[in-house]
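Novice: Residue numbers (the numbering used here): 39 to 290. Every residue gets a Cβ at the ideal spot worked out from N, C-alpha and C, and that includes glycine. Every value quoted in this text rests on a predicted model; they were computed, and no experiment measured them.
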């Protein structure tokens with residue numbers, strides 16, 4: 039079954055009738071005020087800031103908050119993207135605490151290049167199960183940096199193990215809001231040993247790579263992006279969740 043912990047109810051009123059839809063808001067990026075990272079932040083805040091103490095601001099306001107204390111000398115608009123430090127600052131400006139989780143595979147220079155499958159799957163599933171939307175930062179193969187929001191996963195039966203193992207470490211499918219592809223896109227967790235965008239590591243180490251994987255009964259290329267889906271590969275390198283300031287623990 040699907041596990042969609044971060045979803046919330048949205049209410050609208052039509053002709054005096056109240057309609058309720060459960061999900062998590064999604065929007066496409068607008069390069070004038072909001073690139074993929076800003077849109078991902080906005081989507082994540084729709085889950086993390088869903089209470090009477092926090093307000094969900096516009097994407098333009100999120101971009102401004104990210105530049106408030108760390109601008110790196112760059113102009114604010116049109117937005118050219120947000121590095122991870124600005125993303126975390128934007129979370130703090132919304133009276134929430136950013137919890138970053140870095141990939142556990144590094145190159146010879148100590149630079150993070152990705153996650154092992156067990157760490158990524160188990161950590162992602164545990165965060166979603168705890169009702170946190172997960173902002174995932176990484177690299178689109180042959181394209182560059184990108185940010186998406188993970189909102190769910192498909193739970194698999196836990197195999198019988200002779201030795202202790204991390205719960206949900208065998209997770210295979212995730213559900214992701216991607217401003218290039220759309221909301222609730224199903225991705226499959228795979229692994230690769232190939233260098234990604236010039237980043238190398240020891241040949242024996244595999245890292246996670248995510249590929250769109252629509253269900254068999256919905257693989258209509260005309261309505262699912264066609265060749266874009268076939269060549270779309272995303273390598274996660276960092277995860278961020280926004281938690282309330284009172285929470286002092288960490289997933290690690």
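Any idea what DSSP makes of residue 131, helix, strand or coil?
Specialist: Helix.
Novice: Measure how close the beta-carbons of residue 84 and residue 46 come, nearest whole angstrom, since I'm counting them as under 8 Å.
Specialist: Right, the Cβ-Cβ distance comes to about 7 Å (below 8 Å), so this counts as a contact.
Novice: Which one of 53, 81 and 54 has the shortest CA to CA distance from residue 217?
Specialist: For residue 217, the nearest C-alpha among the options comes from 81.
Novice: Alpha carbons only, please: which of 279, 287, 289 and 288 is nearest the one belonging to residue 134?
Specialist: Comparing Cα-Cα distances from residue 134 to each of 279, 287, 289 and 288, the minimum goes to 279.
Novice: DSSP puts residue 139 in a beta bridge; with which residues?
Specialist: According to DSSP, which records beta bridges pairwise, residue 139 is partnered with 277.
Novice: Quick check: the segment 179-190 against the segment 142-157, are at least 3 beta-carbon pairs closer than 8 Å?
Specialist: They do not touch, by the three-pair rule.
Novice: Across which residues does DSSP place residue 177 in a beta bridge pair?
Specialist: Paired residues: 183 and 273.
Novice: If you compare alpha carbons, which of 189, 173, 57 and 50 is closest to residue 121?
Specialist: When each option's Cα is compared against that of residue 121, the closest is 173.
Novice: Here's the rule: buried if 16 or more other CB atoms are within 10 angstroms of the residue's CB, otherwise exposed. What is residue 215?
Specialist: With 16 or more Cβ atoms within 10 Å of its Cβ, residue 215 is classed as buried.
Novice: According to DSSP, simplified to helix, strand and coil, what is residue 144?
Specialist: In this structure, residue 144 counts as strand in the three-state DSSP scheme.
Novice: Are the Cβ atoms of residue 185 and residue 125 separated by less than 9 Å?
Specialist: Yes, they are a contact pair.
Novice: If distances are taken between C-alpha atoms only, which option among 271, 247, 268 and 251 comes closest to residue 156?
Specialist: For residue 156, the nearest C-alpha among the options comes from 247.
Novice: Does the separation of the CB atoms of residue 61 and residue 222 fall below 9 Å?
Specialist: Taking 9 Å as the Cβ cut-off, residue 61 and residue 222 qualify as a contacting pair.
Novice: Could you give the residue range of the alpha helix (DSSP H) that holds residue 227?
Specialist: Element bounds for residue 227: not the alpha helix (DSSP H) but the beta strand (DSSP E), 220-230.
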